[in-house]
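Below: one structure, written as structure tokens.
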Amino acid sequence: MAGSRVVGSWSRWRRVVVLSAAVEVVLMLVVSGSRHSAWSGPQHWSGGFTVSGSAGTPLNASSSSSGNETRGVLLGSAARSAMARQYATLSGLEASGSRRPTGWSGLAAYERQVARSASTRWLKYKRELRRRCLAAAASGEARRGVRWFTTSERKDFAGYVSEELAELGLCFVPANETRWPLDFYVGEQFESENAPRWAGRARRLFARNASVGAVEGLMAIFGSKDSYAQLFWHCKDATRRQTSRRVLCPNAWLPSFNVFGDENERSDKFRRNVVTKHEVPYFDRLFALARGAAAPTWWIVKPQKGTFLSRGMHLSLLTTSDVNSRNAMLSWIANNVVEPGCKERKVDRVTCARRMVTFQIYVHKPALFHDRKFDMRFWVVVASVDPLRLYLLRHAYPKIASKPFSADPATLGDQCMHIKMLLDPSCNVTLRAFVSKFPYGFPRSTASPVFFQGLSFPALLRQRAAYAGTSPHKYRHDRARPRDWPLKEQFWSRHVWPAVEKALAKVVMLVRANLSAAATRSPYRTFALLSPDLTLDDKGHVYIEEVNTNGLVMGTHAASGGAGNLFFDNAYVRGFLRLVGADGYPRAPDYAPALDAAITAFCNASAANARGCTPRATRAMATAVHEEAHAGRHYYRIYPPISCFERDPRSPCRASSSNAADDPDTPHHWPNQALFTDAEYAAMPESSLDKIVRRFLTTTDTQLIHGVPQVPGHARWPPRELDGALSL
61 MAGSRVVGSW SRWRRVVVLS AAVEVVLMLV VSGSRHSAWS GPQHWSGGFT VSGSAGTPLN
121 ASSSSSGNET RGVLLGSAAR SAMARQYATL SGLEASGSRR PTGWSGLAAY ERQVARSAST
181 RWLKYKRELR RRCLAAAASG EARRGVRWFT TSERKDFAGY VSEELAELGL CFVPANETRW
241 PLDFYVGEQF ESENAPRWAG RARRLFARNA SVGAVEGLMA IFGSKDSYAQ LFWHCKDATR
301 RQTSRRVLCP NAWLPSFNVF GDENERSDKF RRNVVTKHEV PYFDRLFALA RGAAAPTWWI
361 VKPQKGTFLS RGMHLSLLTT SDVNSRNAML SWIANNVVEP GCKERKVDRV TCARRMVTFQ
421 IYVHKPALFH DRKFDMRFWV VVASVDPLRL YLLRHAYPKI ASKPFSADPA TLGDQCMHIK
481 MLLDPSCNVT LRAFVSKFPY GFPRSTASPV FFQGLSFPAL LRQRAAYAGT SPHKYRHDRA
541 RPRDWPLKEQ FWSRHVWPAV EKALAKVVML VRANLSAAAT RSPYRTFALL SPDLTLDDKG
601 HVYIEEVNTN GLVMGTHAAS GGAGNLFFDN AYVRGFLRLV GADGYPRAPD YAPALDAAIT
661 AFCNASAANA RGCTPRATRA MATAVHEEAH AGRHYYRIYP PISCFERDPR SPCRASSSNA
721 ADDPDTPHHW PNQALFTDAE YAAMPESSLD KIVRRFLTTT DTQLIHGVPQ VPGHARWPPR
781 ELDGALSL
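Per our numbering, the very first residue in the sequence shown carries number 61; after that it's consecutive.
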């Protein structure tokens, strides 16, 4: 009976897979047949998304002849472009035996050919994979060359991520199968590794060397709205009690505070009560902080529950009169913690939820995209907790408001201007109307020239206008906007992106001590995908809004309409899965001798190295090299930082310390790369395992082991020519 249930589950899964693949083929053929579709034409190459009928001027396809915008990645800033050109590989979507057309002539036919060829290969692969998985299931020989996976039941994990894992050759485990050890789990974070609920369909023990996408303790630190404020004040406390911890408190952390209380108070009772200082942790210090700030200050109020799609959030202005006394500030807080309906007498008998809220400073002078506020979604892979290894996706997903921005306090109540990004249903904006506001379409990524074409930093523009002797309005519209995008991209690579690297790494370094004990006890490898949201002010300073532990995995195999069309996946999910070992690092045997030799040489280089080269340390070194070899071009390590090795006279490497520039044994770094001081390493604090692995990665040219270029920095998509401006 168990066998029949397994085969039945696989039969149902087979029908779903074949049907979804067939639908995918039809959609790909239909979409690729239109020159103005979301997946073809100038917008596809430039990184901007438009719909038929929206504004947009065709670009010269020859400017991107070396690869399309989803595959071509030029790494780093102009300062490292010579080295980057040597390392970067720009490959398109060519099927075997096909050549990409140099102009628009024949492009639609070419894309249809690629779609048909890719879909045919995919269906053949699916059939072979299904045959192999079913054979292993029927025979009970689960470990014979087969890796088994499951995901959580959330739609993105159970759908798109599962498809990616199947494409990597893993076999899905049905919900009613409990016999086989599980090699890989990815899904929502869970609190206890012994609780069965976190892995919906995985009611079994993990295999000995399993990779599990959950780090115990991570949810408690980052998993809720109130955790942001708790971490902010924890960092403040750390600086008071231990001066060394101050260096890990990121300047990008926005001041925040929580308000606790009874979630179920009735409105009639609430009218007789006020918020007390005991319900606002650190209130006295908060009051001093508020009085010292330049009034007025803008705050965003976030209910700690039920805030999916920004529901229940609103803005509030803290004025000078609100900080005249402690009671005045408590009254201001009380006016912002109850929903309007709870203050009406006609609802006396209903419970007034959402009294537990988090207040956070709102960046009310933001950077803009075509006059609209935006924030960005990043992906950070915590590949290991101890030793700590962090990887960053080379670009971010911009989320843009549907209305032009205004800093007038009268607009506080306009959530579609300030809070609700993209196509929130309550803003009543269609996809066509939204995208038509942008001349080159919606920027799918911060790596696209389309993003920089519309990006503006108002404060910097005012400074440049004053220097140029022109009015800010004239300078902004006549000079900064269309043709200054290469300068904005350069500013981004040199200043904004290193600040992003530093802020995200320091936040994880700050909490690492709370995670390392559980990670050390775990019998299997644990990892996590963090999805932080960051914003910029009008001077280009970076601020962290929140760190999501269970953020949406964006990416689909076919266009589904609506906001889902604004983003796409180009091996970003697959790169993450391969980085954390979903497919078992298949390239490892190819470079195993070179890896063994490199580790042996490192351990024999000094007595200190020899003492640190424990079996666990050498395994961690090998795993770090495997991650580099399999992460693909879209991810790079931000902690420990990637070293730069001088292989030719054109190398952009810079000495990590000016007094040791000529010392060949001194680690060198890449230009515009976030680095860490000895004080920051000590404040984490580094474990002995951290130190030995960092020393190995710093002094060993791992590219010579696996052959994969290791270059940090923000991605740079073609075309390099846009709006009459050229950027190399």
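From the three backbone atoms N, C-alpha and C, an ideal C-beta is built for every residue, glycine too.
Boundaries of the alpha helix (DSSP H) around residue 751: 748-759. The secondary-structure analysis by DSSP pairs residue 317 across a beta bridge with 419.
With a threshold of 16 other beta carbon atoms within 10 Å, residue 312 meets it and is buried.
The C-beta separation of residue 654 from residue 307 comes to about 37 angstroms, leaving the pair out of contact by the 8 angstroms criterion. When DSSP states are grouped into helix, strand and coil, residue 285 belongs to the helix group.
In the DSSP assignment, residue 688 falls outside any beta strand (DSSP E) and within the unbroken alpha helix (DSSP H) covering 675-690. By the C-beta density criterion, residue 338 is exposed, having fewer than 16 other C-beta atoms within 10 angstroms. The residue among 745, 781, 494 with its C-alpha nearest the C-alpha of residue 464 is 494. Beta-carbon to beta-carbon, residue 446 and residue 576 are separated by about 4 angstroms, close enough to satisfy the 8 angstroms threshold.
DSSP, reduced to helix, strand and coil, places residue 357 within a strand of the structure shown. Inter-residue distance for residue 741 and residue 498 is about 44 angstroms (C-alpha atoms, whole angstroms). Contact between residue 453 and residue 695 holds, with the beta-carbon distance rounding to 6 angstroms and staying under 8 angstroms. Every unbroken stretch of the alpha helix (DSSP H) spanning 4 or more residues and falling wholly within the segment 460-523 is given here in chain order: 475-478, 491-495, 509-514. With a cutoff of 9 angstroms on beta-carbon distance, residue 606 and residue 597 are scored as not near each other.
Less than 9 angstroms divides the Cβ of residue 734 from the Cβ of residue 559. A Cβ-Cβ distance of about 16 angstroms is found for the pair residue 753 and residue 661, leaving them out of contact under the 8 angstroms criterion.
Of the other Cβ atoms in all chains shown, 16 or more fall within 10 Å of the Cβ of residue 642; this residue is therefore buried. Close CB contacts of residue 193 within its chain, under the 6 angstroms cut and outside five residues either way in sequence, are with 231 (chain order). Excluding five sequence positions before and after residue 383, the CB atoms of its chain that fall closer than 6 angstroms to its own CB belong to 350, 351, 389, given in chain order. Using a Cβ distance threshold of 9 angstroms, residue 363 and residue 480 do not count as a contacting pair. In this structure, the beta-carbon distance from residue 373 to residue 475 falls below 9 angstroms.
As computed with DSSP, residue 785 is found in a beta bridge with 782. Using a 10 angstroms sphere on the CB of residue 468, the tally of other CB atoms stays under 16, which defines it as exposed.
In this structure, residue 515 sits near residue 552, with a CB-CB distance shorter than 9 angstroms. Cβ neighbours of residue 647 within its own chain (closer than 6 angstroms, five residues either side excluded): 689. With a cutoff of 9 angstroms on beta-carbon distance, residue 633 and residue 221 are scored as near each other. Under DSSP, residue 335 takes part in no beta bridge, so it has no partner. Inclusion of residue 244 and residue 225 in the CB contact set at 9 angstroms is warranted, their separation being smaller than that value. In chain order, 685, 688 place their CB closer than 6 angstroms to the CB of residue 762, counting only its own chain and leaving out the 5 sequence neighbours on each side. The criterion of a C-beta distance shorter than 9 angstroms is satisfied by residue 770 and residue 702. Residue 613 holds the alpha-carbon nearest to the alpha-carbon of residue 215 among 613, 671, 765, 756. Excluding residues up to 5 positions away in sequence, 744, 745 lie with their Cβ nearer than 8 angstroms to the Cβ of residue 573 in the same chain. Take the alpha-carbon of residue 680 and the one of residue 658: they are about 14 angstroms apart. According to DSSP, residue pairing for residue 208 in a beta bridge involves 231. Contact annotation: residue 436 and residue 459 have beta-carbon atoms nearer than 9 angstroms.
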